[in-house]
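Undergrad: For reference, the structure I am asking about is given below.
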Amino acid sequence: MDILLVASAFNSLSQRLYAELSDHGHRVDVVLASHGPGPVRAAVRETRPELIVAPMLRTALPEDVWREHTCLIVHPGPPGDRGPSSLDWAVTEQAPRWGVTVLQAEAAMDAGPVWAAEPFAVPPAGKSDLYRNEVSDAAVTAVHTAVRRYAEGSHKPMPQTHESVDVVWRDAFRQERRRIDWKRDDTATVLRKLRGADSQPGVLDELLGREVFLHGGHPEDRLRGRPGELLAQRAGAVCRATRDGAVWIPELRPRRNSGDPAPFRRPAASVLAALAGEHAPPLPQAPVPFELPADRRTWTDIRYRQHGGTGFLEFSFPGGAMSTEQCRRLLAAYEYALTRPTRVLVLGGARDFFSNGIHLNVIEAAPDPAQESWDNLNAMDDLVEAVLRTTDRLVVAALAGNAAAGGAMLALAADQVWCRTGAVLNPHYRRMGLYGSEFWTYSLPRRAGAQTAERLTTEALPVSAATAERIGLVDRLVAAAPGDFAAEAGRLATGLAAVPDLDRRIAAKAAARAADEGQRPLADHRQAELARMHAVFFDPDAPYHALRSAFVRKTPAGSPRPLAAAAGDVR
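For this note's numbering, count along the sequence shown from 1 and bump the result up by 694.
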């Protein structure tokens, strides 16, 4: 079937639906509604789709489009739920169960007949994490059901006037409802408000006399202070006291002043320093060891734990982005893990992103973005090289969620890649106008072959977990719910550490690495890749700079047809 995806952004859900619908044999095209109704109408005329699916829309479809074509809207709420802030309400009100509904577009918002619906349990997670995982799983299931029913031609969608549907209108969740009263709200309430707005739009608050948006929230079990007081910093996050405890806030975003460029999220401590300048409060550092006691309830973005002969290096960075400083800290943790007596080392977080490579937001905010790009890339290369040069144990990359660009290459540097079935890989760099590094010219052909590696990096399309396994990027698919992936990966890793021929496998790995080094040293791959990247970073007219700025500020850039745009050479 010819399907047109219409989305306000080619985000994680849009990419997953593109990849998985394509896997099912459908011909799928994409157009971005963020460029206005004109490109949407043009795409409809050009592709003449049998079906239009809108997985993520911030604006309404043009009336002539939904009147003349069957248009299915993916709404992140159960049947009968209406309004633009469905997930915000679900997280804030601690709904135990929620759902995704695929409904037909009509004049009234979210009021069309239902083609499919899929429920899910709501974990204690942030809104963006929930969206990329439980919501994404339910949405893909519901869309596949709706597409199948449409193709069969006999299904009659259920009107929302049906007696089994309870219609509930939920207003937009505005900042007045999100406001934190630091003197009255307990820690649980503060965390609920922060998690309900973790990625967008954030919680509007005031720090150092400036209005800022708070992004993300995690509990702290030991630090205490006056309600609202800034207590400490750790790994770029800041700790703030509540009336009965404290919370860690990883990122801040300044409120936009009239005439200023659109601000963007970045590590909280750096935003405070930029806002206050010389008057920044001397927040003490509150470091924690890589190996934390099991009973500690505090935030850190990197942890190490060990179970028998298996080590687990867990990391989780907001948005999957890794700054220069984060790469260096993760490398230090990796080097620490190599000192531990294990034969298998597992890399990856418990859920959500694995890694998306260098931190474009931190780069954009730097006094010299070109130099920061260069420093960040070299720090990322150092980390990937350390994984590639590990020959005394097996390294497993366990992808609970998506991986892209250098983050995908970090995964491919491991000996085995285990991937949750709902994850999406973007093993390319071209959409940011880059050639790429992180030893992709070694790792990608080694796994997928030279021809497939060339296709992946030039077409620059998202790849489903199933396709990634089929072409050799992934060694094992893990069919687990988002909350169960870590436990299942742990079970598999324990089993791997106990296989009788583990020593033989490790020896074979070391021999293969030595043979590859003799054929073409890793240093040669790195030097050649970095030469291409240096030329881009330090060329002020290179497309990378404009693409990066548009990406972090969430402004439209490039073609409204993101897949068609991949045909152009922006390297």
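Using N, Cα and C, we set each Cβ at its ideal position, and we do this for glycine too.
(1) Could you tell me whether the region 702-712 touches the region 815-832, using the rule of 3 or more Cβ pairs below 8 Å?
(2) Rounded to whole angstroms, what's the CA-CA distance from Asp-899 to Pro-1012? Just pull it up for me.
(3) Could you tell me the distance, in whole angstroms, from the CA atom of Glu-879 to the CA atom of Thr-936?
(4) Any contact between the region 891-909 and the region 834-841? By contact I mean 3 or more CB pairs, one from each, below 8 Å.
(5) Hey, Val-862 and Arg-776 are a contact pair by Cβ (cut 8 Å); roughly how many whole angstroms apart?
(6) Starting from the Cα of Thr-1033, find the closest Cα among Ala-967, Gly-1042 and Leu-1007 and give me that residue.
(7) With a 10 Å radius around its C-beta and 16 neighbouring C-beta atoms as the bar for buried, classify Glu-945 as buried or exposed.
(8) Work out the CA separation of Glu-762 and Leu-1082 for me, nearest whole Å.
(9) Roughly how many angstroms lie between the CA atoms of Gly-1005 and Pro-790, to the nearest whole one?
(10) Leaving aside the five residues before and after Arg-636 along the sequence, list all residues of the same chain whose C-beta is less than 6 Å from its C-beta, in chain order.
(11) Using 8 Å for Cβ pairs, my map puts Asp-1076 next to Leu-1025. What's the rounded Cβ distance?
(12) Grab the span of the alpha helix (DSSP H) containing Met-1126 for me, first residue to last.
(13) In this structure, does DSSP put Glu-857 in helix, strand or coil?
(14) Report back the beta-carbon spacing between Phe-1009 and Asp-989 to the nearest angstrom; my notes put them in contact at under 8 Å.
(15) Among all the DSSP beta bridges, which residues are the ones paired with Ala-926?
(16) To the nearest angstrom, report how far apart Thr-764 and Arg-752 are at their CA atoms.
(17) Between which two residues does the beta strand (DSSP E) holding Glu-914 run?
(18) Terminal residues of the continuous alpha helix (DSSP H) containing Gln-1145?
(19) Kindly provide the ranges of any beta strand (DSSP E) runs that are 3 or more residues long and lie completely inside the region 1041-1100, ordered along the chain.
(20) Using the Cβ count rule (16 or more neighbours within 10 Å means buried), how would you classify Val-841?
(21) Quick one, are the C-beta atoms of Tyr-1238 and Met-1126 less than 9 Å apart?
(22) Within a Cβ cutoff of 6 Å, which residues of the same chain sit near Ala-1259, ignoring the five residues on either side of it in sequence?
(23) Taking C-alpha atoms, which residue in Gly-774, His-849, Asp-782 and Gln-854 lies nearest to Pro-807?
(24) Drop a sphere of 10 angstroms on the beta-carbon of Pro-1194, count the other beta-carbons inside from all chains shown, and report buried for 16 or more, exposed for fewer.
(25) Use the C-beta contact count for Asp-723: other C-beta atoms within 10 angstroms, 16 or more gives buried, fewer gives exposed.
(26) By Cβ distance below 8 Å, which residues in the same chain neighbour Gln-1000 in space, the five residues on each side in sequence not counted?
(27) What residue from Tyr-1136, Ala-819 and Gln-1213 has the CA that sits closest to Val-785's CA?
(28) Is Gly-939 helix, strand or coil by DSSP?
(29) I'd like to know if Glu-945 contacts chain D, where contact means its C-beta is closer than 9 Å to some C-beta of that chain.
(30) His-912 to Lys-821, Cα distance in whole Å?
(31) For the region 1152-1164 and the region 1127-1135, state whether three or more C-beta atom pairs, one from each stretch, are separated by less than 8 Å.
(32) Just to confirm, is the Cβ distance from Leu-1054 to Val-1246 under 9 Å?
(33) Should Ala-748 and Val-700 be called a contact, given that it needs their Cβ atoms to be closer than 9 Å?
(34) From the DSSP output, in three-state form, read off Ser-728 for me.
(35) Would you identify the three-state DSSP class for Asn-705, choosing helix, strand or coil?
TA: The answer reads as follows:
(1) yes
(2) In the sequence shown, residue 899 corresponds to position 205, counting from 1. In the sequence shown, residue 1012 corresponds to position 318, counting from 1. One C-alpha to the other measures close to 20 Å.
(3) For the purposes of this step, residue 879 is taken as residue 185 along the sequence shown, with counting starting at 1. For the purposes of this step, residue 936 is taken as residue 242 along the sequence shown, with counting starting at 1. Before going on, a small fix: residue 879 reads as Asp here, not Glu. Asp-879 and Thr-936: Cα-Cα distance of roughly 7 Å.
(4) no
(5) Position 168 of the sequence shown, counted from the first residue, corresponds to residue 862. Position 82 of the sequence shown, counted from the first residue, corresponds to residue 776. Rounded, the Cβ-Cβ distance is 7 Å, consistent with contact.
(6) Start at 1 with the first residue of the sequence shown, and residue 1033 comes out as number 339. For the residues Ala-967, Gly-1042 and Leu-1007, the minimum Cα distance to Thr-1033 belongs to Leu-1007.
(7) Within the sequence shown, numbered from 1, the residue matching residue 945 stands at position 251. Buried, since its Cβ has 16 or more Cβ neighbours within 10 Å.
(8) The residue labelled residue 1082 in the question sits at position 388 within the sequence shown. The residue labelled residue 762 in the question sits at position 68 within the sequence shown. Those two C-alpha atoms are separated by around 54 Å.
(9) Position 311 of the sequence shown holds residue 1005. Position 96 of the sequence shown holds residue 790. Approximately 33 Å between the Cα atoms of the pair.
(10) The question about residue 636 has no answer here: the residues shown for the chain are numbered 695 through 1265.
(11) Stepping through the sequence shown from its first residue, residue 1076 is reached at position 382. Stepping through the sequence shown from its first residue, residue 1025 is reached at position 331. 6 Å between Cβ atoms; contact.
(12) Against the sequence shown, residue 1126 aligns to sequence position 432. Careful: Met-1126 lies outside any alpha helix (DSSP H) and carries neither H nor E.
(13) By 1-based counting over the sequence shown, the position of residue 857 is 163. In the three-state reduction of the DSSP assignment, Glu-857 falls in the coil class.
(14) Numbered from 1 along the sequence shown, position 315 holds the residue referred to as residue 1009. Numbered from 1 along the sequence shown, position 295 holds the residue referred to as residue 989. In fact, because the Cβ distance is near 21 Å, the residues do not count as touching under 8 Å.
(15) For the purposes of this step, residue 926 is identified with residue 232 of the sequence shown, where counting begins at 1. According to DSSP, Ala-926 bridges with Cys-933.
(16) If you number the sequence shown from 1, residue 764 lands on position 70. If you number the sequence shown from 1, residue 752 lands on position 58. About 19 Å.
(17) Residue 914 sits at position 220 when you count from the first residue of the sequence shown. Segment 912-914, the beta strand (DSSP E) holding Glu-914.
(18) To locate residue 1145, count along the sequence shown from 1; it is residue 451. Gln-1145 -> alpha helix (DSSP H) spans 1144-1153.
(19) 1088-1093
(20) Counting from 1 along the sequence shown, the entry for residue 841 is found at position 147. Buried, by the Cβ-count rule.
(21) By 1-based counting over the sequence shown, the position of residue 1238 is 544. By 1-based counting over the sequence shown, the position of residue 1126 is 432. Their beta carbons are under 9 Å apart, which means Tyr-1238 touches Met-1126 by this criterion.
(22) For the purposes of this step, residue 1259 is taken as residue 565 along the sequence shown, with counting starting at 1. Confidence in Ala-1259 is poor, its pLDDT being 47 and thus under 50, which makes the residue's placement too unreliable to answer from.
(23) Sequence index remark: in the sequence shown, residue 807 carries index 113 (1-based). Closest by alpha carbon: Gln-854.
(24) Taking the first residue of the sequence shown as 1, we reach residue 1194 at position 500. Burial call: exposed.
(25) Position 29 of the sequence shown, counted from the first residue, corresponds to residue 723. That one is buried.
(26) Your numbering for residue 1000 matches position 306 in the sequence shown. Glu-985, Phe-1006, Arg-1034 and Thr-1036.
(27) The count along the sequence shown starts at 1 and reaches residue 785 at position 91. Nearest of Tyr-1136, Ala-819 and Gln-1213 to Val-785, Cα basis: Ala-819.
(28) If you number the sequence shown from 1, residue 939 lands on position 245. Gly-939: coil per DSSP, three-state reduction.
(29) Note that chain D does not occur in the displayed structure, where there is just one protein chain.
(30) Numbered from 1 along the sequence shown, position 218 holds the residue referred to as residue 912. Numbered from 1 along the sequence shown, position 127 holds the residue referred to as residue 821. Cα to Cα, His-912 sits roughly 13 Å from Lys-821.
(31) Remark: fewer than three beta-carbon pairs, one from each stretch, lie closer than 8 Å, so the region 1152-1164 and the region 1127-1135 are not flagged as touching.
(32) Working through the sequence shown from its first residue, we reach residue 1054 at position 360. Working through the sequence shown from its first residue, we reach residue 1246 at position 552. Yes; because the gap between Cβ atoms is below 9 Å, this pair is in contact.
(33) In the sequence shown, counting from the first residue as 1, residue 748 sits at position 54. In the sequence shown, counting from the first residue as 1, residue 700 sits at position 6. Yes, these two residues count as a Cβ contact at 9 Å.
(34) Locating residue 728 in the sequence shown gives position 34, where the first residue counts as 1. Here Ser-728 sits in helix by DSSP.
(35) Sequence index remark: in the sequence shown, residue 705 carries index 11 (1-based). Reduced to three states, the DSSP call for Asn-705 is coil.
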